[in-house]
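**Q** Below is the structure I would like to discuss, written out as structure tokens.
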Amino acid sequence: MIFEVLERSLQQPNRVIPVEALLGNCAGSRMPDVTAARLTPAIAQRLVEVCPTAAFSVAELGGRPCLKLSYAECIGCGRCEQPGEGAVVTAPRFTWCGLPKANLVRLWDLESHTEITPPRPNPEIMRGQIRSLFGKALNIRQLDAGSCNGCEAEISALTNPYYDLERFGIHFVASPKHADMLLVTGPVTRNMAGAVKNTYDAVPSPKLIVAVGACGCSGGIFAGSHAVVGGVDAVIPVDGYIPGCPPTPAMLLTGILEVLRRRTVR
Amino acid sequence: MNDNTPEAVPIGERGPTGPPLVLPRGKTESVARLVTVFGSLGVDREKRVHYVFDVGAPKYWEAFVAASGPVRSIVSEVPAAAWYERELHDQYGIEITEHPDLRPLVFHENWPEGVHPMVDAVNQVPWASREYKFLTVQGDGVAEVAVGPVHAGIIEPGHFRFSVVGDTVLHLELRHFYTHKGTEKLFEGSFVNAGAMIAESVSGDNCFAHAVAYSQAVENACRAEVPPRASAIRLIGLELERLVSHISDLGGLCTDVGFSVAAAYAARLKEFLLRASADCTGTRYWRGIAVPGGLRFDLDSEKVLGLSQAVSLAARQFADLARVILGTPSIQNRFETAGVVSLEVARDLAVVGPVARASGIDLDVRRDHPYGHYKSAQFEVPVTHYGDVMARAKIRIKEAAISARLIQQIAGALPIGSVLAPLELDGAMHGSSAVESPRGELFYWLQGRDGRLTRCHIKSPSFQNWPAMPFAIADNIIADFPLINKSFNLSYSGCDR
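Listed in order, the protein sequences are those of chains A and B.
-13 is the number of the first residue of the first sequence in the working numbering; add one for each residue after it.
123 is the number of the first residue of the second sequence in the working numbering; add one for each residue after it.
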């Protein structure tokens, strides 16, 4: 019987997506991007009003009005596209994965119509760097701190034949004691706060902590609930953030590799 | 509930400000099935307990009693009410008399006593340290095995306390609500349109069912008519979610018995459908599409047809895979007679969804309480009576094929027109709605005023089905627990909310 399944599997074409096609890919996530040239103060104000998680805000920077977009809060609901009148589009590529929280913020000057986000120290994983990140094992322990299970579904998808995480030497382990990296999803609920701390303590140092999803990054739609403590960094220190609601497998991989890159390629 | 209160009436025929109602007398054992029990606050902030029953009619029946004083438990007549009443006790501080077990359900040891978030404003809840007593099983050779809340795989947190003799489980006690996020409280004060986003985050893998159930409740409250095109596309989304969920479940069952080739095959089919969804809708899980009144945006008919072709291909390959899996002797050996839920247990605990249908309960919201496009759709409801892992697997395999057929039928004949109806939001609103989610009956009840919600209750199928798990695992070996658990496919977040 197992041969029948094997036979069917072998009849299928190879589905594995090359890593180059995964990095920066965000298809199916509906993360927003801003076209600076079309931005006006009125549109910016509408974006702030329509955003359910306050990912958009208007700030003053050096006396000039700016639109601020924080991907940590964004749940990719798409409600900003219509009032954005062309100034907000679904991002064709998305590389704000695995970065420190400060680097998830983008700023646009509303008068000069230009992006004024301070440049990232290392903009993107370079093709030449990819190979140097592999060849070493990375053991990941996934920890659900109170997620809705959307992030779990996408993390599980990383092991399917399209993404095949094992080809990079990355695998999921059953115990935090075997882990190099904690991949933490969900807002940290009051009921899970203790278990999250215990799990963190059980991971041997040096360890990498990655907050996954809008909830993990900021509390997301659950921020402010009486039963939620906050994002992952409200309880344990975090090395990198992967936004999205949920982040797609490609975004997760981009984020995991980015955190790894910052640790190994300095 | 006392005896001089009038009979219950179908929801919608009398508002919540009417006289106190009771459940239909004499119907509790034979016909009526408990749907949910929940609390609310009246205009004068008086506490109320609502009971919703399915009495075999298309309309659900609702009863409520004032709860300024103690309320008698209905657990002895309706065992399925046990967790609901514990939740009421926690969230509303309603005194429940004659309840056999009123230990805290939702709030763990770090919540102080006397905090009732659904009644009082709670911003900063102080940290406390209380005690929780697990039930202890005593006797020669009885050992306890504690599992969780952090489990070994990529799954949600919950605690299982097994009492075993050797390999055999005598008793399992569940300790859940680790992912409790105060979701029902979050709805309070939010605009009806924003509520859809909260509903989508109740249980991520069933987000579309939640968004549709919530939206329908608002539409019923506002008496809005959803355009035919929107309700047809909703049906496609709901059936696709079921198909993906069932494929994923069968793959998960294979993982849990070490049949990894078949599990990888199922995972490939699931991913294929998620990618087809992203091509068609821009989102892998149909998030941000259903809103009160219809859909937030229209889908391209050509792309829907493309999705339908992908579904047809995946369903054919899944049927073939399922045939091979079920024909494998070692699978039969593991699936058959494992984790039996008897008809009696299923009925007493009012279980829903594939778990109910695998135990001989002929129940499907799509057929029994038709909504949206299901009012005109033709489909069968598979039922079997063995109640074991194999029965639940077979129900899901059959349902997956039916879902695929429904998608192809509807996608080939999509109505044209708008996808969003305007909502009349002025004044008081009160409505409810149910959807057959992949896990079973999902019920939303809400009330509000001028477009803002004052209360939204979610009956999730997982909350209903979890209490049946200890009955399914009893007398099985503990090593079969992951398999039996997977065969229920329950959401922790959906249960904990």
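All residues carry an ideal CB built from backbone N, CA and C; glycine is no exception.
Thinking just about the alpha-carbon of each residue, which of Q439(B), L471(B), Y614(B), L375(B) is nearest to the one in I606(B)?
**A** As a first step, residue 606(B) is located in the second sequence; it is residue number 484 there, counting from the start. Ranking Q439(B), L471(B), Y614(B), L375(B) by Cα distance to I606(B) puts L375(B) first.
**Q** On the premise that D225(A) lies in contact with V245(A), defined as a C-beta separation below 8 Å, what is that separation, rounded to the nearest angstrom?
**A** By one-based count along the first sequence, residue 245(A) stands at place 259. By one-based count along the first sequence, residue 225(A) stands at place 239. With 8 Å as the limit, V245(A) and D225(A) qualify as a contact, their Cβ atoms being about 6 Å apart.
**Q** Looking at the structure shown, is S615(B) part of a helix, part of a strand, or coil, going by DSSP?
**A** As a first step, residue 615(B) is located in the second sequence; it is residue number 493 there, counting from the start. Residue state, collapsed to three classes: helix.
**Q** Check the Cβ-Cβ distances between Y254(B) and every residue of chain C, and say whether any is below 8 Å.
**A** Absent from the structure: chain C. Protein chains present are A and B.
**Q** In three-state DSSP terms, what is E310(B)?
**A** In the second sequence, the residue the question calls residue 310(B) occupies position 188. E310(B): coil per DSSP, three-state reduction.
**Q** What residues of chain A sit near E278(B), judged by a beta carbon separation below 8 Å?
**A** In the second sequence, the residue the question calls residue 278(B) occupies position 156. Here the neighbours are D130, S133, N135, E138.
**Q** What residue from D401(B), T576(B), R445(B), E347(B) has the CA that sits closest to E424(B)'s CA?
**A** Taking the second sequence and counting its residues from 1, the one referred to as residue 424(B) is at position 302. Among D401(B), T576(B), R445(B), E347(B), the Cα nearest to that of E424(B) is on D401(B).
**Q** Using the three-state DSSP reduction, which class does V5(A) fall into: helix, strand or coil?
**A** Stepping through the first sequence from its first residue, residue 5(A) is reached at position 19. Reduced to three states, the DSSP call for V5(A) is helix.
**Q** Can you pull the chain A neighbours of G410(B), defined as C-beta to C-beta under 8 Å?
**A** Position 288 of the second sequence, counted from the start, is the residue given in the question as residue 410(B). Ordered by position in chain A, the residues that pass the 8 Å Cβ test against G410(B) are R16, G62, C63, G64, R65.
**Q** Taking all protein chains shown into account, do 16 or more other C-beta atoms lie within 10 angstroms of the C-beta of Q586(B), making it buried, or fewer, making it exposed?
**A** Translated into the one-based positions of the second sequence, residue 586(B) becomes position 464. Flag for Q586(B) reads buried.
**Q** Does DSSP classify A268(B) as helix, strand or coil?
**A** Taking the first residue of the second sequence as 1, we reach residue 268(B) at position 146. If DSSP states are grouped into helix, strand and coil, A268(B) belongs with the strands.
**Q** Does the CB of I600(B) have a neighbour CB from chain A at under 8 Å?
**A** The residue given as residue 600(B) occupies position 478 in the second sequence. So, not an interface residue.
**Q** According to DSSP, is E563(B) part of a helix, a strand, or is it coil?
**A** Locating residue 563(B) in the second sequence gives position 441, counting from the first residue. Correct three-state label for E563(B): strand.
**Q** Which whole-angstrom value is the C-beta distance of V314(B) and G573(B), which I expect to be below 8 Å?
**A** Position 192 of the second sequence holds residue 314(B). Position 451 of the second sequence holds residue 573(B). Yes, they are in contact, since the Cβ atoms of V314(B) and G573(B) sit about 6 Å apart, within 8 Å.
**Q** Run down chain A in chain order and give the residues with a C-beta less than 8 Å from the C-beta of M319(B).
**A** Counted from its first residue, the second sequence places residue 319(B) at position 197. Chain A residues near M319(B): P38, I61, C63, I207.
**Q** Say whether chain B places a C-beta atom closer than 8 Å to the C-beta of L160(A).
**A** For the purposes of this step, residue 160(A) is taken as residue 174 along the first sequence, with counting starting at 1. What sits at residue 160(A) in the sequence shown is Ala, not Leu. True, the Cβ-Cβ gap to chain B drops below 8 Å.
**Q** Hey, F175(B) and A154(B): beta-carbon distance below 8 Å or not?
**A** The sequence position of residue 175(B) within the second sequence is 53, counting from 1. The sequence position of residue 154(B) within the second sequence is 32, counting from 1. It is a contact, given that the beta carbons lie within the stated cut-off.
**Q** So, is the C-beta of V74(A) closer than 8 Å to a C-beta in chain B?
**A** In the first sequence, the residue the question calls residue 74(A) occupies position 88. It does not: the Cβ of V74(A) has no partner Cβ on chain B nearer than 8 Å.
**Q** Quick test of your reading: A523(B) and L372(B), contact by CB under 8 Å. State the CB separation rounded to the nearest angstrom.
**A** As a first step, residue 523(B) is located in the second sequence; it is residue number 401 there, counting from the start. As a first step, residue 372(B) is located in the second sequence; it is residue number 250 there, counting from the start. Rounded, the Cβ-Cβ distance is 12 Å, inconsistent with contact.
**Q** Take V463(B) and list the residues in its own chain whose beta-carbon comes closer than 6 Å to its own, dropping the five residues that flank it on each side.
**A** Residue numbering aside, residue 463(B) sits at position 341 when the second sequence is read from its first letter. S481, G509, A590, A594.
**Q** Return helix, strand or coil for K255(B), following the three-state DSSP convention.
**A** One-based indexing of the second sequence puts residue 255(B) at position 133. It is coil, neither helix nor strand.
**Q** To the nearest angstrom, how far is it from the Cα of S162(B) to the Cα of Y566(B)?
**A** Translated into the one-based positions of the second sequence, residue 162(B) becomes position 40. Translated into the one-based positions of the second sequence, residue 566(B) becomes position 444. Taking the straight line from one Cα to the other gives about 13 Å.
**Q** Could you work out which residues of chain A lie near H302(B), taking near to mean beta carbons separated by less than 7 Å?
**A** For this step, residue 302(B) is matched to residue 180 along the second sequence. Per Cβ cutoff of 7 Å: T175, N177, A213.
**Q** How about A200(A): is its Cβ closer than 7 Å to a heavy atom in the ligand FAD?
**A** Of the ligands one can find in the structure shown there are none, so the ligand FAD has no counterpart to examine.
**Q** Using DSSP with H/G/I as helix, E/B as strand and the rest coil, what is H293(B)?
**A** In the second sequence, residue 293(B) corresponds to position 171, counting from 1. Looking at H293(B) - three-state DSSP - the assignment turns out to be strand.
**Q** Can you have a look at L156(B) and say buried or exposed, based on whether 16 or more other CB atoms are within 10 angstroms of its CB?
**A** Position 34 of the second sequence, counted from the first residue, corresponds to residue 156(B). Counting Cβ neighbours within 10 Å, L156(B) comes out buried, since at least 16 surround it.
**Q** Residues in the same chain with beta-carbon distance under 7 Å from D212(B), minus the five sequence neighbours each way, listed in chain order, please.
**A** As a position in the second sequence, residue 212(B) is number 90, starting the count at 1. Taken in chain order, the residues that qualify are P226, L227, V228, F229.
**Q** Under 8 Å between C-beta atoms, does N245(B) make it to chain A?
**A** Your numbering for residue 245(B) matches position 123 in the second sequence. By this cut-off, N245(B) is an interface position.
**Q** Using the rule of at least 16 other Cβ atoms within 10 Å of the residue's Cβ for burial, across every protein chain shown, is H298(B) buried or exposed?
**A** On the second sequence, position 176 is the one that residue 298(B) refers to. Buried: at least 16 other Cβ atoms inside 10 Å.
**Q** Give a yes or no on whether the C-beta atoms belonging to H293(B) and P592(B) are separated by under 8 Å.
**A** Your numbering for residue 293(B) matches position 171 in the second sequence. Your numbering for residue 592(B) matches position 470 in the second sequence. Yes, the pair counts as a contact, with Cβ atoms nearer than the cut-off.
**Q** If you draw a straight line from the alpha carbon of G304(B) to that of C203(A), how long is it in whole angstroms?
**A** The count along the second sequence starts at 1 and reaches residue 304(B) at position 182. The count along the first sequence starts at 1 and reaches residue 203(A) at position 217. If I take the Cα positions, the gap works out to 19 Å.
**Q** Would you please verify whether the beta carbon of V170(A) is less than 8 Å from any beta carbon of chain B?
**A** In the first sequence, the residue the question calls residue 170(A) occupies position 184. No, V170(A) does not count as interfacial toward chain B.
**Q** Considering only residues of the same chain and omitting the five flanking positions on each side of L194(A), which have a CB-CB separation below 6 Å?
**A** What you label residue 194(A) is simply residue 208 of the first sequence in a count that begins at 1. M167, D225, V245, listed in sequence order.
**Q** Would V267(B) be called buried (16 or more neighbouring beta carbons within 10 Å of its own) or exposed?
**A** Taking the first residue of the second sequence as 1, we reach residue 267(B) at position 145. So V267(B) ends up on the exposed side.
**Q** Give the interface partners of A143(A) over in chain B, defined as CB-CB distance under 8 Å, in chain order.
**A** Numbered from its first residue, the first sequence carries residue 143(A) at position 157. Going along chain B in sequence order, the residues near A143(A) (Cβ under 8 Å) are A389, K392, E393, L396.
**Q** Considering F610(B), what are the terminal residues of the alpha helix (DSSP H) in which it resides?
**A** Translated into positions along the second sequence, residue 610(B) becomes position 488. From DSSP, the alpha helix (DSSP H) with F610(B) extends over 603 to 610.
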